[in-house]
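Participant:
In the UniProt record's numbering, the protein residues as written are 1 to 90.
1. Could you round the C-beta distance between residue 62 and residue 4 to whole angstroms and report it? I think they count as a contact, below 8 Å.
2. Which class does residue 37 belong to by DSSP, given the choice of helix, strand or coil?
3. Hey, residue 57 and residue 16: beta-carbon distance below 8 Å or not?
4. Looking only at DSSP bridge pairs, what is residue 31 linked to?
5. Tell me the rounded alpha-carbon separation between residue 64 and residue 75.
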């Protein structure tokens, strides 16, 4: 983890693109966790959902053989670049 988040290698404020015109594709997945209420007349439905976001960050890669064959690591979101996503009702 220290290797991945070393300030000389990684800045969470910089999006994971090799140049300014490269796109970063973010996949959004919504899973219904709970249906709380439905008001047909007002056409309002209240729910709890899980929002999953996935993208590639080339800066968070390593050679597993250099790190005891570790292939996956979990990092707190506060340490990595996060996409700006705004959800709104329409």
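Backbone N, C-alpha and C define an ideal beta-carbon position, used for all residues, glycine too.
Facilitator: On the basis of the supplied data:
1. The C-beta distance from residue 62 to residue 4 rounds to 7 Å, short enough to fall under 8 Å.
2. Shown here, residue 37 sits in a strand according to DSSP, grouped into three states.
3. Inclusion of residue 57 and residue 16 in the CB contact set at 8 Å is warranted, their separation being smaller than that value.
4. Note: residue 31 sits in a beta bridge opposite 50.
5. The C-alpha of residue 64 lies about 16 Å from the C-alpha of residue 75.
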